[in-house]
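Data block below; observations after.
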Amino acid sequence: MAKKQFDFFIKNFEFSVFFERMIFSTFLFSFMFDIQFSSRLAPKSVSIIPIYAGDSRSELRQTLEHFSPPQKKAILQVLQSSRLPHKGHVPVYSAQALVLLFIIGKKTKTSRRDIRERGEEIFSLAKRYHLEELTIFSGSLSEENVRAFHEGIILGSYEFLQFKTKKNDNDSSKNLKKIVFFGAKNTQEHDWLQALENSTRLTKDLVNLPPMAANPSYVVSTAEKIAKKYKKVSIKIFEMKELEKLGFGGIVGVGKAGEEKPSLIILHYEGGKRGEAPIALIGKGVTYDTGGLNIKTMSMRTMKQDIAGAATVLGAFEALVLMGIQKNIIVVIPTAENAISEESYRPDDVLTMYNGKTVEVTNTDAEGRLLLADALSYTEKNWKPRMMLTIATLTGCCNYAVGHDITAILGNNKTLMETLKNSALAVDEPVWELPLHEQYKKYLKSNIADLVNSTKKFRAGTIEGGLFLENFVSSKMPWCHLDIASVAFGDVSEMATGRNVRLLIDFVKRF
Ligand SMILES: [Zn+2]
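If you count the sequence shown from 1, position 245 lands on 1652 in the working numbering, and the numbers rise without skipping.
Shown next as structure tokens:
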């Protein structure tokens, strides 16, 4: 069936050609557009000036110095108009040039996060006006708000057009080619914005790609390309045979039904001192989750998002490498498809995990924790990291526990939890800690094995997932877990959000 679909796809969409192009666009470090910092006004460029509602001549005094007298006069006239909206944009034409006054809201009611989100609108504005080159004048905002606004512009510039035969809705041949952030050259911010653009695109692409394209071998080749691109990054991959030989019972059990067999990927970046224990970021890479033999009966659609943990660690990792962070980091990704075939693992099977513990499978849809459990014990034993972080779209219950704007966090170490919370505040990506509550551990007991992978009556599924994983980490090893099932994918937009890439970057920098 899968093969048939694939052939159909090739015939109708020239998949192979397009697949090559896709790989090309993702990996040749080709940026969507040129990002520059300059203190000279380019003649062809259209200017965008973010302002607060109610800003007047005095707030914009310095900014306006860079414009010609007729432009300045026209802008001031618009500013004095009583009909200026509190939010939105106003085009100002004068001296044959276009300036867009971009009103971000009332100063007292606009948070840094609001400003970042307003920045995300700039790209569609540029498209609407068919602009090829933009110059952003953010001088009237505070330093941290400038950064947030610029980040927003970069984050909002993402598009996923690989499967559209018509690339542009409004029939314009023009595309944004260059964004100039007006001001003195700021190498650090420039590098950060470029790393952010590159890494969130990598993360979102992996999640948005259909599962027939982003399959386990695609995750492997994505990691291999990162390893090839950077001198300080090396890679190790365990394939099916080795996984079986070395006793990765969880990964093999879950992944063996897939047309593509599972792999365990380890990317190693040595930016720190030689031999220093690394920070381990472990992401769940289920490329599609049918639920297995406990097939999803509600809806299976959008289950391509189960790759999001892997996609997030890969994106954050590449950004950290690009920024040349002086730490040792490993990314560990168990990747598999939770498919249905004659090889599927069954409910009632007992799996022997990498660390020797046995797990009675009570639900084949609770597969992510089986992959992560093996990855955790492998990483602790063989890499002796400073800490381990797992990130996964682990439990649907997360939607009920914390909702679509919050990442649930759990862990065995106070410092880690505090660091995560501080990072969340710093990047405006909220988290909420749930407890690894002692009294709930009994629900994971099995009659015939050490553990069950899913409980029957216990409803706090996100805590259950965390408690299960805790069995595969020794108590002295600092570990934290992020359940991103509710935030990785937009329910309304049905597109990847890229959420938690910035959080992980900030976290690694702090820890
Ligand atoms: Zn599942």
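Beta carbons: idealized from backbone N, C-alpha and C, even for Gly.
Keep in mind it's a predicted model, so treat the numbers as computed, not measured.
| request: Determine the DSSP secondary structure at residue 1435, reduced to helix, strand or coil. | output: As a first step, residue 1435 must be located in the sequence shown, where it is residue number 28. Per-residue confidence for residue 1435 stands at a pLDDT of 35, beneath the threshold of 50, marking its modelled position as unreliable; the derived number appears in the next sentence. Residue 1435 falls in the coil class under three-state DSSP.
| field | Residues of its chain near residue 1898, where Cβ-Cβ distance is below 7 angstroms and the 5 sequence neighbours each way are ignored | value | Reading the sequence shown from its first residue, position 491 is the one you call residue 1898. The answer, listed in chain order, is 1811.
| said: Assuming the contact rule is C-beta atoms closer than 8 angstroms, residue 1913 and residue 1830 should be a hit. Round their C-beta distance to whole Å, please. | reply: As a first step, residue 1913 is located in the sequence shown; it is residue number 506 there, counting from the start. As a first step, residue 1830 is located in the sequence shown; it is residue number 423 there, counting from the start. 4 angstroms between Cβ atoms; contact.
| task | Answer with buried or exposed for residue 1502, where buried requires no fewer than 16 other C-beta atoms within 10 angstroms of its C-beta. | result | Mapped onto the sequence shown, residue 1502 falls at position 95. Residue 1502 should be labelled exposed.
| query | Within 7 angstroms: the Cβ of residue 1756 and any heavy atom of ligand 1? | reply | Start at 1 with the first residue of the sequence shown, and residue 1756 comes out as number 349. Checking every heavy atom of ligand 1 against the Cβ of residue 1756, none is found closer than 7 angstroms.
| said: Can you tell me where the beta strand (DSSP E) holding residue 1887 begins and where it ends? | reply: On the sequence shown, residue 1887 is found 480 positions in, with the first residue counted as 1. It spans 1886-1890 - the beta strand (DSSP E) in which residue 1887 sits, taken as one unbroken run.
| Buried or exposed: residue 1705, going by 16 or more other Cβ atoms within 10 Å of its Cβ? | Within the sequence shown, residue 1705 is the residue found at index 298, counting from 1. Exposed: under 16 other Cβ atoms inside 10 Å.
| field | Classification of residue 1436 by the beta-carbon crowding that lies within 10 angstroms, buried from 16 upward | value | Along the sequence shown, one-based indexing puts residue 1436 at 29. With a pLDDT of 40 at residue 1436, under the threshold of 50, the modelled position of this residue cannot be trusted; read the value that follows with caution. It counts as exposed.
| task | Report the rounded CA-to-CA distance for residue 1586 versus residue 1662, giving the unit in angstroms. | result | Walking along the sequence shown from the start, residue 1586 turns up at place 179. Walking along the sequence shown from the start, residue 1662 turns up at place 255. Cα to Cα, the separation comes out at about 44 angstroms.
| request: Quick one: grab the DSSP three-state call for residue 1806. | output: Indexing the sequence shown from 1 puts residue 1806 at position 399. Helix at residue 1806.
| query | Terminal residues of the continuous beta strand (DSSP E) containing residue 1641? | reply | Mapped onto the sequence shown, residue 1641 falls at position 234. Where residue 1641 is concerned, the enclosing beta strand (DSSP E) stretches over 1640-1645.
| message | To test your reading of the DSSP string, which unbroken alpha helix (DSSP H) runs of 4 or more residues are found completely within the region 1516-1546? | response | 1519-1526 and 1529-1535
| Within the present structure, is the beta-carbon of residue 1745 separated from the nearest heavy atom of ligand 1 by less than 7 angstroms? | By 1-based counting over the sequence shown, the position of residue 1745 is 338. It does: the Cβ of residue 1745 is within 7 angstroms (strictly closer) of some heavy atom of ligand 1.
| message | Between which residues of its own chain and residue 1428 is the CB-CB distance below 7 angstroms, once the five residues before and five after are set aside? | response | Working through the sequence shown from its first residue, we reach residue 1428 at position 21. With a pLDDT of 38 at residue 1428, under the threshold of 50, the predicted position of this residue should be treated as unreliable, though the coordinate-derived value follows. For residue 1428, where only same-chain residues beyond five positions count, there are no Cβ hits under 7 angstroms.
| C-alpha gap between residue 1509 and residue 1584, whole angstroms | Here residue 1509 refers to the residue found at position 102 when the sequence shown is read from its first residue. Here residue 1584 refers to the residue found at position 177 when the sequence shown is read from its first residue. If you take the alpha carbons of residue 1509 and residue 1584, they lie about 20 angstroms apart.
| field | CB of residue 1851 within 8 angstroms of CB of residue 1858, strictly | value | In the sequence shown, the residue the question calls residue 1851 occupies position 444. In the sequence shown, the residue the question calls residue 1858 occupies position 451. Yes, they are a contact pair.
| said: From the DSSP secondary-structure annotation, give me the bridge partner or partners of residue 1755. | reply: Counting from one through the sequence shown, the residue named residue 1755 turns up at place 348. Partner(s): none; residue 1755 has no beta bridge.
| message | Report the CB separation of residue 1918 from residue 1826 in whole angstroms; it is logged as a contact under 8 angstroms. | response | Position 511 of the sequence shown, counting from 1, holds the residue named residue 1918. Position 419 of the sequence shown, counting from 1, holds the residue named residue 1826. Right, their Cβ atoms sit about 6 angstroms apart.
| message | Going by C-alpha to C-alpha distance, which of 1761, 1841, 1481 and 1497 sits closest to residue 1649? | response | Translated into the one-based positions of the sequence shown, residue 1649 becomes position 242. Measuring from the Cα of residue 1649, the nearest candidate turns out to be 1761.
| query | Can you tell which of 1746, 1865, 1641 and 1573 has the C-alpha that lies nearest to the C-alpha of residue 1668? | reply | Along the sequence shown, read from residue 1 onward, the residue named residue 1668 stands at position 261. Of the candidates 1746, 1865, 1641 and 1573, the one whose C-alpha sits nearest the C-alpha of residue 1668 is 1746.
| request: Please report how far the alpha carbon of residue 1755 lies from the alpha carbon of residue 1876, in whole angstroms. | output: The residue given as residue 1755 occupies position 348 in the sequence shown. The residue given as residue 1876 occupies position 469 in the sequence shown. Cα to Cα, residue 1755 sits roughly 20 angstroms from residue 1876.
| Would you call residue 1500 buried or exposed, if buried means 16 or more other Cβ atoms sit within 10 Å of its Cβ? | Taking the sequence shown and counting its residues from 1, the one referred to as residue 1500 is at position 93. Exposed, because fewer than 16 other Cβ atoms sit within 10 Å of the Cβ of residue 1500.
| Expressed to the nearest angstrom, what Euclidean distance is found between the alpha-carbon atoms of residue 1700 and residue 1600? | Numbered from its first residue, the sequence shown carries residue 1700 at position 293. Numbered from its first residue, the sequence shown carries residue 1600 at position 193. If I take the Cα positions, the gap works out to 44 angstroms.
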